[in-house]
Amino acid sequence: MEAVPARARVYIACVAVAALLCLLPPPGVRTPWGAVALLAALYAGCERVARSRFVGLSHPAGTFYPVLLAGAFLLPAPAAALVAVPGALLSQVEQRPVVLRRTWRAAQLVLGVWAAATTHRLLGGRDAVVAGDVPYALGPAGAAVLMFCLVLALLDGGILAVAERVPVRRAWRGLVARSLAPIAVHGLAGLMMAVLWRSPYGPVAALLVLLPMCVSWWSFAQYHRERAAHQATIRALVQAVDIKDGYTRGHSERVGQASLMIARELGMDDERVEVLRFAGILHDVGKLGVPTRLLRKDGPLTPEERRVIELHPEYGHEMVRGIGFLGEARAAVLHHHERLDGSGYPYGLVGCQIPESARVVAVADAFDAMTSTRSYSRARPVSVALAELERCAGSQFDPVMVTALVEAVGRQGWHPAVTADDEETRPARVPPPGAPLSSRPGAHR
């Protein structure tokens, strides 16, 4: 079983207790058990289908919210919250501990649905649904959806801050903005279900609303399956580079991690952070077009050999230019060896002419190169590498990116992997003190 911090277990236990309290029906309120059972079975079935092989992967948008929100619009708050429990407790969980994760998911949904149902009732939405007054029902339903989204975001941010020690100022950043639009669409479908449920046509007509939602769900999942295939292709390319250039094995992954740290420190949104992580991972993919003997050469490179190696950014850009979802990562692959003073390659861009993504990857690349053992140099201590980056900031590197990496490493630490199998038997060549980073051995490899 994977270790879960004690503070995270306490947090989950508190959320679970709050959820149990929400499930207690108030005195004098009758629970419509038939509707609860039907909606709960429907939700559990939709969850199983959404996470089955038919769809292809666990759906990135989360759970099948239209059924839960329809329950919030139809039922008393405790009864509506109960709809989520069976599906959440029986859902497929890929990571351990399974029981704890299922408990967390069930408690989270119970609190979200309870808050949405309570908001909907207080704003008079129940009467509008019963009367079929759709224009008036949109207001209370929208407020309920917003409350549902806020509760889920609040709980998700809390678990990030407690379990993964994400800084509080970043734990909740972007959670509501990313989830509000898809949940709003699900809320509209849930409202249509609720209105049809209360109409003379009954629950059977309400179930028809789910058909277009299921088709949309499946189409969206196929898009993410295609994206996963692209990512698998990227991994294969990176592995090919690692095999060809054994001395820098793992370098691409570490540059991706350092790029991610810089992007997060700069406050970029999660989607752009992911793109920059891919930029770091792919930055050296063009080495597949460089002769292996040059990549593995122990001695200094001749000017002709260096010119051949300096073609790898252009080779890499040609390889990834057709992968649409990479976005600005393609520019980083092409320009990560440019310098702010214009002496870099392949085009000698100056200052802000260099794409921001390339400036991020340039710092991450140099940092890992200095803190990793290679055929031509020993790994330097992290503090020495950071000091060298700060010394070259403004001429070679963007000072903003350097400062972001320094602050991120100072807070999170950095533990580079050994990249040479026989580092203890290989002599290191240390550059003279004060030599510019661009002239250090292997700086362009």
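Residue 911 in my numbering sits at position 235 of the sequence shown, with consecutive numbering throughout. The C-beta atom is built at its ideal place from N, Cα and C for all residues, glycine as well. Please read all numbers here as calculations on a predicted model, not as lab measurements.
- Message: Can you give me the C-alpha to C-alpha distance between Ala882 and Ala820, rounded to a whole angstrom?
- Response: For this step, residue 882 is matched to residue 206 along the sequence shown. For this step, residue 820 is matched to residue 144 along the sequence shown. Looking at the two C-alpha atoms, the distance is approximately 19 Å.
- Item | Selected residue, minimal CA-CA separation from Thr794, among Val885, Pro702 and Leu830 | Residue 794 sits at position 118 when you count from the first residue of the sequence shown. Minimum Cα-Cα distance from Thr794 among the listed residues Val885, Pro702 and Leu830 corresponds to Pro702.
- Message: How far does the alpha helix (DSSP H) with Met686 in it extend, from its first residue to its last?
- Response: Counting from 1 along the sequence shown, the entry for residue 686 is found at position 10. The amino acid occupying residue 686 in the given sequence is Val; Met does not appear at that position. Note, Val686: alpha helix (DSSP H), Ala682 to Cys698.
- Query: Can you list, in chain order, the residues of its chain whose CB lies under 8 Å from that of Leu700, leaving out five sequence neighbours each side?
  - Reply: Reading the sequence shown from its first residue, position 24 is the one you call residue 700. Counting only Cβ-Cβ distances below 8 Å, and skipping sequence neighbours, we find Pro754.
- Message: Ala1008 and Val966 - do their beta-carbons sit closer together than 8 Å?
- Response: For the purposes of this step, residue 966 is taken as the residue at position 290 of the sequence shown. For the purposes of this step, residue 1008 is taken as the residue at position 332 of the sequence shown. Judged by their CB atoms, Val966 and Ala1008 are not nearer to each other than the 8 Å cut-off.
- Message: My assumption, with CB atoms under 8 Å, is that Gly962 sits in contact with Gly992. Please give the rounded CB distance.
- Response: The residue labelled residue 962 in the question sits at position 286 within the sequence shown. The residue labelled residue 992 in the question sits at position 316 within the sequence shown. Taking a contact as a CB-CB distance under 8 Å, the pair Gly962 and Gly992 counts as one, their CB atoms being some 3 Å apart.
- Item | Residue(s) in a DSSP beta bridge with Glu1073 | Within the sequence shown, numbered from 1, the residue matching residue 1073 stands at position 397. It should be pointed out that residue 1073 corresponds to Phe in this sequence rather than to Glu. Bridge partners of Phe1073: Ala1069.
- Would you kindly work out how many angstroms separate the C-alpha atoms of Met823 and Leu970, rounded to a whole number? Counting from one through the sequence shown, the residue named residue 823 turns up at place 147. Counting from one through the sequence shown, the residue named residue 970 turns up at place 294. Cα to Cα, the separation comes out at about 60 Å.
- Item | Three-state secondary structure assigned by DSSP to Thr795 | One-based indexing of the sequence shown puts residue 795 at position 119. Assignment of Thr795 by DSSP, reduced to helix, strand and coil, places it in the helix class.
- Item | Gln898 in three-state terms, based on DSSP | Position 222 of the sequence shown, counting from 1, holds the residue named residue 898. Here Gln898 sits in helix by DSSP.
- Query: Who are the near neighbours of Ala1069 in its chain, counting only those whose CB is closer than 7 Å to its CB and skipping five residues on each side?
  - Reply: Within the sequence shown, numbered from 1, the residue matching residue 1069 stands at position 393. Pro1075 and Val1078, listed in sequence order.
- Item | Arg849 - DSSP class collapsed to helix/strand/coil | In the sequence shown, counting from the first residue as 1, residue 849 sits at position 173. Residue state, collapsed to three classes: coil.
- Message: Please classify Ala1061 as buried or exposed, where buried requires at least 16 other C-beta atoms within 10 Å of its C-beta.
- Response: Working through the sequence shown from its first residue, we reach residue 1061 at position 385. Ala1061 is buried by the Cβ-count criterion.
- Which same chain residues, not among the five before or five after Val1026, have their C-beta less than 6 Å away from its C-beta? Translated into the one-based positions of the sequence shown, residue 1026 becomes position 350. Within the same chain, and ignoring the five residues on either side of Val1026 in sequence, the residues whose Cβ sits closer than 6 Å to its Cβ are Gly1018.
- Task: Please determine if the stretch 774–787 and the stretch 822–840 are in contact, where contact requires at least 3 C-beta pairs separated by less than 8 Å.
- Result: In short, these stretches touch, since the Cβ pair count reaches three.
- Message: According to DSSP, is Ala1084 part of a helix, a strand, or is it coil?
- Response: To locate residue 1084, count along the sequence shown from 1; it is residue 408. Ala1084 falls in the helix class under three-state DSSP.
- Message: Taking the beta carbon of Val880 as the centre, do at least 16 other beta carbons fall within 10 Å, making it buried, or is it exposed?
- Response: To locate residue 880, count along the sequence shown from 1; it is residue 204. Around the beta carbon of Val880, fewer than 16 other beta carbons sit within 10 angstroms, so the residue counts as exposed.
- If we ignore side chains and look at the alpha-carbon of each, how far apart do Cys722 and Arg983 end up? As a first step, residue 722 must be located in the sequence shown, where it is residue number 46. As a first step, residue 983 must be located in the sequence shown, where it is residue number 307. Each residue's alpha carbon lies about 58 Å from the other.
- alpha helix (DSSP H) segment containing Ala1055, residue limits: Within the sequence shown, numbered from 1, the residue matching residue 1055 stands at position 379. Segment: none, Ala1055 is in no alpha helix (DSSP H) and carries neither H nor E.
- Whether Gly747 touches Val693 by CB criterion (8 Å): Numbered from 1 along the sequence shown, position 71 holds the residue referred to as residue 747. Numbered from 1 along the sequence shown, position 17 holds the residue referred to as residue 693. In this structure, Val693 does not lie closer than 8 Å to Gly747 by Cβ.
- Query: Measuring CB to CB, does Gly948 end up less than 8 Å from Ser935?
  - Reply: To locate residue 948, count along the sequence shown from 1; it is residue 272. To locate residue 935, count along the sequence shown from 1; it is residue 259. Going by the sequence as given, residue 948 is Arg instead of Gly. No, the pair does not count as a contact, with Cβ atoms beyond the cut-off.
- Task: Give the secondary structure of Met944 by DSSP, where H, G and I count as helix, E and B as strand, and everything else as coil.
- Result: As a first step, residue 944 must be located in the sequence shown, where it is residue number 268. In the structure shown, Met944 sits in coil (DSSP, three-state: anything other than H, G, I, E or B).
- Query: Any contact of the stretch 797–805 with the stretch 759–776, i.e. 3+ C-beta pairs under 8 Å?
  - Reply: At 8 Å Cβ cutoff, the stretches do not touch.
- Message: Taking a contact to mean a Cβ-Cβ separation below 8 Å, would you say Asp960 touches Val917 in this structure?
- Response: Looking up residue 960 in the sequence shown gives position 284. Looking up residue 917 in the sequence shown gives position 241. Yes, these two residues count as a Cβ contact at 8 Å.
- Item | CB-CB length for Ile938 against Ala1040, believed under 8 Å | As a first step, residue 938 is located in the sequence shown; it is residue number 262 there, counting from the start. As a first step, residue 1040 is located in the sequence shown; it is residue number 364 there, counting from the start. Cβ atoms of Ile938 and Ala1040 come within 8 Å of each other, at about 6 Å.
- Taking DSSP as the reference, what is the three-state secondary structure of Gln771? On the sequence shown, residue 771 is found 95 positions in, with the first residue counted as 1. Three-state DSSP puts Gln771 in coil, outside helix and strand.
- Between the stretch 852–870 and the stretch 682–691, do at least 3 Cβ pairs fall closer than 8 Å? The stretch 852–870 makes no contact with the stretch 682–691, as fewer than three CB pairs between them are under 8 Å.
- Task: Under 8 Å Cβ to Cβ from Leu987, same chain only, skipping five residues before and after it: list those, please.
- Result: If you number the sequence shown from 1, residue 987 lands on position 311. Excluding positions up to five away in sequence, the list reads Gly962, Gly965, Val966 and Pro1022.
- Message: Taking 8 Å as the threshold (C-beta atoms), are Val951 and Gly1003 in contact?
- Response: The residue you call residue 1003 lines up with position 327 of the sequence shown. The residue you call residue 951 lines up with position 275 of the sequence shown. The Cβ-Cβ distance between Gly1003 and Val951 falls below 8 Å.
- Query: By the 10 Å Cβ neighbour count, where 16 or more other Cβ atoms means buried, how is Thr707 classified, buried or exposed?
  - Reply: Working through the sequence shown from its first residue, we reach residue 707 at position 31. Classification for Thr707: exposed.
- Task: Can you grab the Cα-Cα spacing for the pair Val680 / Ala839, in whole Å?
- Result: As a position in the sequence shown, residue 680 is number 4, starting the count at 1. As a position in the sequence shown, residue 839 is number 163, starting the count at 1. One C-alpha to the other measures close to 7 Å.
- Task: List the whole-angstrom C-beta distance separating Pro989 from Leu1010, where the pair is believed to meet the contact cut-off of C-beta under 8 Å.
- Result: Counting from 1 along the sequence shown, the entry for residue 989 is found at position 313. Counting from 1 along the sequence shown, the entry for residue 1010 is found at position 334. Indeed they touch by this definition, with Cβ atoms about 5 Å apart.
- Query: Cβ atoms of Ala711 and Leu758: under 8 Å apart, would you say?
  - Reply: As a first step, residue 758 is located in the sequence shown; it is residue number 82 there, counting from the start. As a first step, residue 711 is located in the sequence shown; it is residue number 35 there, counting from the start. The Cβ-Cβ distance between Leu758 and Ala711 does not fall below 8 Å.
- Could you check which residue in Arg1087, Ala860, Tyr812 and Pro843 has the C-alpha nearest to that of Val871? Stepping through the sequence shown from its first residue, residue 871 is reached at position 195. Each of Arg1087, Ala860, Tyr812 and Pro843 was checked against the Cα of Val871, and the nearest Cα belongs to Tyr812.
- Please name the residue in Leu745, Leu887, His1013 and Ile919 whose C-alpha comes closest to that of Gly866. For the purposes of this step, residue 866 is taken as residue 190 along the sequence shown, with counting starting at 1. Minimum Cα distance to Gly866 is reached at Leu745.
- Query: To which residues of the same chain is Leu868 closer than 6 Å at the C-beta, ignoring the five residues directly before and after it?
  - Reply: Reading the sequence shown from its first residue, position 192 is the one you call residue 868. Looking at the sequence shown, residue 868 is not Leu but Met. Within the same chain, Met868 has close Cβ partners Val885.
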